[in-house]
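Residue numbers (our numbering): 148 to 465. Note that beta-carbon positions come from the ideal geometry of N, C-alpha and C, so glycine has one too. Inspection log for the structure reproduced underneath, given as structure tokens.
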């Protein structure tokens, strides 16, 4: 699949990286860090984002089969055959390497890029609206059937752009971080909070997608990007449990992820789970998925309460 609107895609990527670079430079200065780190982050992070986006996308095919085994395919940078989560991981790795190259503390650098990073995610998600038939869902009647909320399918009919909803979620995450970032926090906590919120919300938004890349699912019906988000959430919360010695947030996280997976199984095989008469499975599914994402956000807020700022020095951002 080729670009549907290359000017829109490249324009939004360029605008996102520019906004990120400017805000990240300002954030580093405010935190008393070297502003040059922002330039190296953009350069190294962009390269690693592309590489990791492709590698993460190919991972299921390498494990379960299904991809052509030729070098040309593996190095082909097809816009609809990239993992967004993998791209974010690559960019974050680039930020860490840039901080090391500038002899800065990696955790402080990641904290400083939390808000700019969320804004970059918003631009990148919005750029997805110009890439083929990517991340489409059923168009609700209460939204305007026009860009950016809708994209046209192969029959010229409007479908919901889930990528736009992901962009709005990233903007809200940036706003929340900005409003709650004044109080002291342990090093790295601000960045972890940003990643957590983005993954928790995306876990719900992925369920709205009816079209995606050619490897949208894993384990029959669960979205691949959801699996990546769930793994990230578990790793973060296990790490925080080791630090805080409190298992409550981890238990809540596991319960919410389990409930999300169970609801997907019910949705995939409803004949195994008879529901009371009149129950609309589609509506029930959306409600349960939304509640699990809300429960994951609650798990983070609970984990914040059991970790005092004395665990580390204050982290400053924009």
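For this session: Compare the Cα-Cα distances from residue 223 to each of 408, 240, 237 and 201 and report the closest residue.
Result: Within the chain shown, the letter at position 76 stands for residue 223. The candidate whose alpha carbon is nearest that of residue 223 is 201.
For this session: Sort out for me which residues DSSP pairs residue 297 with in a bridge.
Result: Taking the first residue of the chain shown as position 1, residue 297 is located at position 150. Per DSSP, the beta bridge partners of residue 297 are 307.
Exercise. Are the beta-carbon atoms of residue 163 and residue 270 separated by less than 8 Å?
Worked result: On the chain shown, position 16 is the one that residue 163 refers to. On the chain shown, position 123 is the one that residue 270 refers to. Yes, the Cβ-Cβ distance between residue 163 and residue 270 is below 8 Å.
Exercise. Which whole-angstrom value describes the C-beta separation of residue 383 and residue 339, a residue pair presumed to lie in contact below a C-beta threshold of 8 Å?
Worked result: Here residue 383 is taken as the residue at index 236 of the chain shown, counted from 1. Here residue 339 is taken as the residue at index 192 of the chain shown, counted from 1. That belief holds up - the Cβ atoms of residue 383 and residue 339 are roughly 6 Å apart, short of 8 Å.
Exercise. So the alpha helix (DSSP H) residue 430 belongs to, where does it begin and stop?
Worked result: Taking the chain shown and counting its residues from 1, one reaches residue 430 at position 283. Its alpha helix (DSSP H) spans residues 428-452.
Exercise. So does the region 203-211 actually touch the region 151-169, counting three or more Cβ pairs closer than 8 Å?
Worked result: no
For this session: Under 6 Å Cβ to Cβ from residue 435, same chain only, skipping five residues before and after it: list those, please.
Result: By one-based count along the chain shown, residue 435 stands at place 288. The answer, listed in chain order, is 410.
Exercise. At a cut of 8 Å, does the region 242-258 reach the region 180-187 through at least three beta carbon pairs?
Worked result: yes
Exercise. Does the beta-carbon of residue 429 have 16 or more other beta-carbons within 10 angstroms, so that it is buried, or is it exposed?
Worked result: Stepping through the chain shown from its first residue, residue 429 is reached at position 282. It is exposed - the Cβ of residue 429 has fewer than 16 other Cβ atoms within 10 Å.
For this session: Grab the span of the alpha helix (DSSP H) containing residue 420 for me, first residue to last.
Result: Residue mapping note: residue 420 aligns to position 273 of the chain shown, counting from 1. From DSSP, residue 420 is part of no alpha helix (DSSP H); its letter is neither H nor E.
Exercise. Which whole-angstrom value describes the C-beta separation of residue 449 and residue 399, a residue pair presumed to lie in contact below a C-beta threshold of 8 Å?
Worked result: Locating residue 449 in the chain shown gives position 302, counting from the first residue. Locating residue 399 in the chain shown gives position 252, counting from the first residue. Contact holds; Cβ gap of about 7 Å.
Exercise. Can the beta-carbon of residue 351 be found closer than 8 Å to that of residue 440?
Worked result: Working through the chain shown from its first residue, we reach residue 351 at position 204. Working through the chain shown from its first residue, we reach residue 440 at position 293. Residue 351 places its beta carbon less than 8 Å from that of residue 440.
For this session: Using beta-carbon positions only, say whether residue 276 and residue 308 come within less than 8 Å of one another.
Result: Within the chain shown, the letter at position 129 stands for residue 276. Within the chain shown, the letter at position 161 stands for residue 308. The answer is yes: Cβ separation under 8 Å.
Problem set entry | Integer Cβ distance of residue 265 from residue 347, believed to fall under 8 Å | Sequence index remark: in the chain shown, residue 265 carries index 118 (1-based). Sequence index remark: in the chain shown, residue 347 carries index 200 (1-based). At roughly 13 Å, the Cβ-Cβ gap does not stay under 8 Å, so residue 265 and residue 347 are not in contact.
Problem set entry | Nearest-angstrom Cα separation, counted from residue 259 out to residue 332 | As a first step, residue 332 must be located in the chain shown, where it is residue number 185. As a first step, residue 259 must be located in the chain shown, where it is residue number 112. Per the coordinates, the alpha-carbon of residue 332 lies some 12 Å from the alpha-carbon of residue 259.
Exercise. Closest to residue 261 by CA distance: which of 210, 199, 286 and 175 is it?
Worked result: Here residue 261 refers to the residue found at position 114 of the chain shown. Nearest option by C-alpha distance: 175.
Problem set entry | Alpha carbon of residue 152 to alpha carbon of residue 278, nearest angstrom | Residue mapping note: residue 152 aligns to position 5 of the chain shown, counting from 1. Residue mapping note: residue 278 aligns to position 131 of the chain shown, counting from 1. Roughly 7 Å between the two C-alpha positions.
Exercise. Tell me which same chain residues have a C-beta within less than 6 Å of the C-beta of residue 444, skipping the five on either side of it?
Worked result: For this step, residue 444 is matched to residue 297 along the chain shown. Closer than 6 Å at Cβ, skipping near neighbours: 347.
Problem set entry | Paired residues, beta bridge with residue 284 - DSSP | On the chain shown, residue 284 is found 137 positions in, with the first residue counted as 1. Partner(s): 307.
For this session: Within its chain, find whatever has a CB closer than 8 Å to the CB of residue 291; leave out the 5 residues flanking it on each side and keep chain order.
Result: Counted from its first residue, the chain shown places residue 291 at position 144. Result list for residue 291: 297, in chain order.
Exercise. From what residue to what residue does the alpha helix (DSSP H) around residue 415 run?
Worked result: In the chain shown, residue 415 corresponds to position 268, counting from 1. Here the alpha helix (DSSP H) through residue 415 covers 395-415.
Exercise. So, using beta-carbon positions, are residue 324 and residue 337 closer together than 8 Å?
Worked result: Working through the chain shown from its first residue, we reach residue 324 at position 177. Working through the chain shown from its first residue, we reach residue 337 at position 190. It is a contact, given that the beta carbons lie within the stated cut-off.
Problem set entry | Within 8 Å, strictly: CB atoms of residue 230 and residue 326 | The sequence position of residue 230 within the chain shown is 83, counting from 1. The sequence position of residue 326 within the chain shown is 179, counting from 1. For residue 230 and residue 326, no; Cβs fall outside 8 Å.
Problem set entry | Identity of the residue in 423, 354 and 413 nearest residue 282 by Cα | Along the chain shown, read from residue 1 onward, the residue named residue 282 stands at position 135. Checked all of 423, 354 and 413; the closest Cα to residue 282 is 354.
Problem set entry | Cα-Cα separation between residue 287 and residue 371, rounded to whole angstroms | If you number the chain shown from 1, residue 287 lands on position 140. If you number the chain shown from 1, residue 371 lands on position 224. Distance between the alpha carbons of residue 287 and residue 371 is about 25 Å.
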